[in-house]
Amino acid sequence: MSANAADSEPTNGATEPQAEVRDDVDLKFYDAIQSNEEPEATDVDSKLDEPKDRSVADPDAEPEGPTYQPIQSNGAPVHDAESSQIDESENQQTLSNGSENKRPELKKDEGSRTFTMRELLNELKNGEANDDSEAEKQEASSPYGQESTMQQEQQHIDQNNAAMDLMNSVTGADEEGRSRQRILTFAARRYASVLERNPEDYDALYNWALVLQESADNVSPDSSSPSKDALLEEACKKYDEATHLCPTLHDAYYNWAIAISDRAKIRGRTKEAEELWEQATKNYEKAVQLNWNSPQALNNWGLALQELSAIVPAREKQTIVETAISKFRAAIRLQFDFHRAIYNLGTVLYGLAEDISRTGASAKTVSPTELYSQSAIYIAVAHALKPTYSVYTSALKLVRSMLPLPYLKVGYLTAPPAGAQVAPHSDWKRTQFVLNHEGLQQLHQFEETQISRNLSGRSGDTMNTNRRAIKVEIPDIVSVSACADLTLPPGAGLCVDTIHGPVFFIADSWESLDGWVDAIRLVYTIFARGKIDVLAGIITA
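Written out as structure tokens, the structure reads:
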């Protein structure tokens with residue numbers, strides 16, 4: 013986002029914040045790890061600026077979520093096991109050497125131990141030899157090895173030679189890049205040797221695909237041969253072979269989707285790019301089916317859908333965008349502090365609001381004004397979680413005025429009388445509630461009038477809070493969830509469980525319920541992460 017766009021007041025049709033935050037793999041981001049620099053934003057053809065989710069360093073890094081561990085090739089792998097500053101296990105790439113730990117998900121003997129890319133590079137740099145005896149055992153045990161014909165073996169050799177030719181022709185942009193490429197080329201030779209003995213070794217195919225994918229990012233910008241696309245295409249072939257041999261290798265589907273996405277970006281907004289984005293979404297879907305507990309895959313799936321929506325005919329766009337929204341929301345609900353998915357959800361909602369305002373189309377029961385407000389909530393939360401990210405700061409300048417200041421969210425919920433959670437349905441009343449950094453507060457008619465005046469720019473008296481009302485303090489929250497219970501009136505039930513007991517509400521619609529669940533959960537997440545003062549500054553400054 014340009015400085016001018018960031019500083020301007022948001023209007024319908026204004027330049028949006030642009031979205032492309034994804035989990036990815038790239039050796040060049042080792043620099044960011046070592047220097048603790050913030051990753052640069054990547055501009056794409058949609059309209060929100062975003063830091064790439066392949067970045068692996070946070071200026072204000074702190075322990076977040078589960079303790080980081082290297083992940084096996086059948087898990088949710090990451091890029092660098094040595095850095096304690098990796099956010100949300102972002103870079104899903106690992107390599108295996110075919111020995112030790114069991115992987116029950118992979119049906120190949122007893123599985124194999126895996127290495128992160130950094131560990132592999134260090135190992136190769138030290139010149140550690142490959143375990144030939146293990147490869148021979150695998151070959152002997154392979155039901156395919158004995159049946160391979162000379163023609164099939166020659167075909168594999170030709171394919172491997174073509175891949176090696178590509179690897180050998182890559183030169184880095186600088187001495188460090190050339191050094192990395194030498195290590196990657198050595199790794200490629202190692203996997204080629206393994207596959208010559210056993211063409212059915214899917215671990216070797218998968219690892220070689222990763223090496224090819226890394227090499228594609230190592231291609232010098234002024235290089236004419238080989239092209240980045242040729243390396244990515246070869247990586248895709250290896251992923252295809254690996255998943256054919258081991259259909260449960262979900263991280264191969266994930267990284268394959270990343271490689272396809274990179275190929276699609278090279279082609280801009282063309283029919284060929286549309287087909288590639290469709291392939292990428294299918295591979296992300298497969299990765300999620302095999303490993304549902306992957307917010308990174310869900311986030312990238314949403315981004316691929318968002319890219320696809322920019323190419324397809326207008327009549328198909330809204331359906332694809334709404335599917336992307338569901339993927340971002342699913343990622344957040346797996347990991348409440350996944351700020352990149354939170355930000356991406358804000359950007360896609362902003363874009364949808366822009367489209368509806370421009371074309372007059374409908375988005376179920378949600379108005380453009382409500383979509384803008386929802387967008388601002390997610391962007392504000394992303395900024396509160398990572399206030400040092402300049403991209404989030406710039407986007408917040410664009411959308412802050414869309415918040416119902418001095419609150420984060422204002423809306424209607426149907427609630428029982430204060431202090432009577434179990435009451436006749438006729439006693440439940442639809443009243444206005446406000447959510448800020450302190451809690452969720454019910455307003456009475458007098459207070460609603462003051463809120464309306466304040467939001468319209470007219471000054472109002474201090475709100476009368478003497479009357480008894482439902483109030484949920486953020487520190488008291490235990491959980492927030494949708495619920496269904498015979499004691500509740502019909503509709504979209506919401507339960508906020510607190511240390512004092514549950515508090516029940518009915519949202520106006522299921523779409524409205526999603527917004528309330530996310531907003532309350534995210535405010536609590538900000539509180540739990542010790543960033544509540546940042547959120548308070550956003551909505552009260």
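Mapping to the working numbering: the sequence shown position 375 is 387, numbers consecutive. Every residue gets a Cβ at the ideal spot worked out from N, C-alpha and C, and that includes glycine. Computed from a prediction, not measured in an experiment: that's the story for all the values here.
Check whether residue i and residue j have beta carbons under 8 Å apart
i      : j      : result
PRO501 : ILE489 : no
TYR404 : ILE391 : yes
LEU320 : ILE332 : yes
LEU415 : ILE551 : yes
TRP289 : ALA316 : yes
CYS248 : ALA271 : yes
LEU420 : VAL535 : yes
ALA292 : ALA269 : yes
ILE368 : ALA430 : no
GLY314 : LYS339 : yes
VAL529 : LEU506 : yes
LEU357 : ARG370 : no
Three-way DSSP call (helix, strand, coil) for residue i in this model
i      : result
SER273 : helix
SER321 : helix
PRO554 : The chain is shown from 13 up to 553; residue 554 falls before or after that span and cannot be answered.
LEU224 : helix
LEU403 : In the sequence on display, residue 403 carries Val and not Leu. Looking at VAL403 - three-state DSSP - the assignment turns out to be helix.
TYR265 : helix
ARG541 : coil
LEU547 : helix
THR282 : coil
LEU424 : Strictly speaking, residue 424 in this sequence is Tyr, with Leu absent from that position. Residue state, collapsed to three classes: strand.
LYS441 : strand
GLY363 : helix
LYS294 : helix
VAL393 : helix
GLY451 : strand
LYS483 : strand
VAL206 : helix
VAL446 : strand
VAL559 : Outside the shown range of the chain, which is 13 to 553, sits residue 559, and nothing can be said about it.
VAL300 : helix
VAL378 : strand
HIS256 : helix
SER47  : Since pLDDT at SER47 reaches only 35, below the 50 mark, its modelled position is unreliable, and no value is offered.
VAL434 : coil
Reference residue i, options the options, closest by Cα
i      : options                        : result
VAL378 : SER273, GLY549, ALA394, LEU525 : LEU525
GLN318 : TYR362, TRP440, ARG533         : TYR362
ALA504 : LYS294, LEU207, SER521         : SER521
GLU450 : LYS329, ASP349, PHE539, SER273 : PHE539
ASP274 : VAL484, ARG341, GLN386, GLN225 : GLN225
GLY423 : GLY431, GLN193, ARG442         : ARG442
SER406 : THR359, ALA430, GLY372         : THR359
LEU261 : ALA276, ARG281, LEU302         : LEU302
ALA216 : SER232, ASN230, ALA199, VAL231 : ALA199
ALA353 : PRO380, ASN210, ASN311         : ASN311
LYS329 : ARG194, ALA365, ARG341, TYR251 : ALA365
SER385 : ARG194, GLN444, GLY527         : GLY527
SER413 : HIS437, SER387, ALA432, GLU523 : SER387
ARG192 : ARG209, VAL231, PRO211, ASN210 : VAL231
GLN347 : PRO487, ASP241, LEU196, THR537 : THR537
ILE544 : ILE486, THR510, SER239         : ILE486
Rounded C-alpha distance that separates residue i from residue j
i      : j      : result
PRO418 : ASN448 : 8 Å
LEU244 : SER306 : 24 Å
THR498 : VAL411 : Looking at the sequence shown, residue 498 is not Thr but Leu. Those two C-alpha atoms are separated by around 40 Å.
TYR203 : TYR218 : 9 Å
ARG201 : CYS258 : 22 Å
GLY549 : LYS298 : 42 Å
LYS283 : ILE323 : 8 Å
SER491 : ARG480 : 24 Å
LYS294 : TRP440 : 45 Å
LEU207 : HIS256 : 15 Å
ARG541 : ARG533 : 12 Å
ASP349 : VAL393 : 9 Å
ALA285 : ILE278 : 8 Å
LYS409 : ALA531 : 20 Å
ALA435 : VAL515 : 12 Å
VAL252 : TYR355 : With the sequence shown as reference, residue 252 is identified as Asp, and Val is not the correct amino acid for it. Rounded to the nearest angstrom, the two C-alpha atoms are 32 Å apart.
GLN454 : ALA343 : 30 Å
TYR494 : PRO325 : Checking the sequence shown, residue 494 turns out to be Ala, not Tyr. Distance between the alpha carbons of ALA494 and PRO325 is about 35 Å.
VAL546 : GLY513 : 28 Å
VAL223 : ARG209 : 19 Å
LEU425 : THR510 : 18 Å
Residue-chain proximity (residue i, chain C), Cβ-Cβ < 8 Å
i      : result
LYS294 : Within the model displayed, chain C is absent; a lone protein chain is all it includes.
Item to complete: Would you mind listing the beta strand (DSSP E) stretches within the region 485-538 that are 3+ residues and don't spill past its ends, in chain order?
Response: 489-495, 504-510, 513-519
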